[in-house]
Ligand SMILES: CC(C)(COP(=O)(O)OP(=O)(O)OC[C@H]1O[C@@H](n2cnc3c(N)ncnc32)[C@H](O)[C@@H]1OP(=O)(O)O)[C@@H](O)C(=O)NCCC(=O)NCCS
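Residue numbers (my numbering): 113 to 286.
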């Protein structure tokens with residue numbers, strides 16, 4: 113099912129940051145169908161839980177609300193010429209920023225997730241003054257753990273407060 117364009121979403125995006133190959137930006141109405149391919153994909157959302165297609169517009173509106181309230185959300189990751197290939201950004205938490213990312217499996221294995229996350233982290237440090245970034249990874253998700261290893265996160269082991277997911281931390285300047 114192709115989701116209908118949502119009148120509650122803007123037509124223009126705000127660019128958050130650029131990396132050598134990618135653009136991280138806020139969501140627009142035109143992103144509903146592309147990101148639905150990612151967020152409803154069973155393999156990609158195996159650990160986070162898929163978002164039904166009909167709920168994608170509301171999820172994008174929630175992202176824009178988080179952006180307005182906290183200056184962060186899971187941003188659209190655009191590969192110029194190919195469109196939106198995933199998301200990458202942060203959930204705002206009282207104790208810091210939580211990194212997250214989900215990519216279309218057709219674009220795995222090319223370094224895009226690491227590159228997008230590196231750009232998001234640089235933006236958080238330089239523009240938002242972030243000093244500590246956390247992430248949780250399911251023990252059976254080594255691809256995600258490898259992204260965090262490449263970014264310099266420190267693994268702290270299973271977190272009982274997060275159903276035993278592995279906790280990773282990046283402390284700026286440490
Ligand atoms: C987690 C996830 C984003 C990782 O994707 P990924 O493709 O493995 O990670 P990257 O995009 O950083 O790509 C790294 C790979 O690209 C390779 N690569 C190819 N070309 C490259 C280039 N030009 N630059 C850098 N790396 C490159 C790297 O060598 C590496 O290969 P390897 O996995 O064989 O070691 C992806 O598996 C995913 O979307 N999973 C589902 C969602 C999820 O689990 N999210 C995390 C929980 S929030």
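Cβ atoms here follow ideal geometry from the backbone N, Cα and C, with glycine treated the same way.
In this chain, residue 159 is not harboured by any alpha helix (DSSP H), its DSSP state being neither H nor E.
Counting only unbroken stretches of 3 or more residues, the beta strand (DSSP E) elements lying wholly within the segment 162–249 are 186–191, 195–205, 208–215 and 244–249, in sequence order. Membership of residue 261 in the alpha helix (DSSP H) is indicated by the continuous run 254–263. Contact between residue 188 and residue 131 is absent: CB atoms are separated by about 13 Å, not below the 8 Å threshold. The Cβ neighbour count for residue 207, taken over all protein chains shown within 10 Å, is under 16; the residue is labelled exposed. In terms of side-chain proximity, the C-beta atom of residue 223 is found nearer than 8 Å to a non-hydrogen atom of ligand 1. Selection 212, 223, 263 and 234 evaluated against residue 133 yields 223 as nearest (Cα-Cα). The count of Cβ pairs closer than 8 Å, one atom from the segment 220–237 and one from the segment 162–181, stays below three, leaving the stretches out of contact. Within the same chain, Cβ atoms closer than 6 Å to the Cβ of residue 122 are found at 140, the five residues on either side in sequence being excluded.
Taking residue 182 as the centre and dropping the five residues before and after it, the same chain places the C-beta of 204 closer than 6 Å to its C-beta, in chain order. Of the residues assessed, residue 279 falls on the buried side of the cut-off, its CB having 16 or more other CB atoms within 10 angstroms. Close CB contacts of residue 195 within its chain, under the 8 Å cut and outside five residues either way in sequence, are with 146 (chain order).
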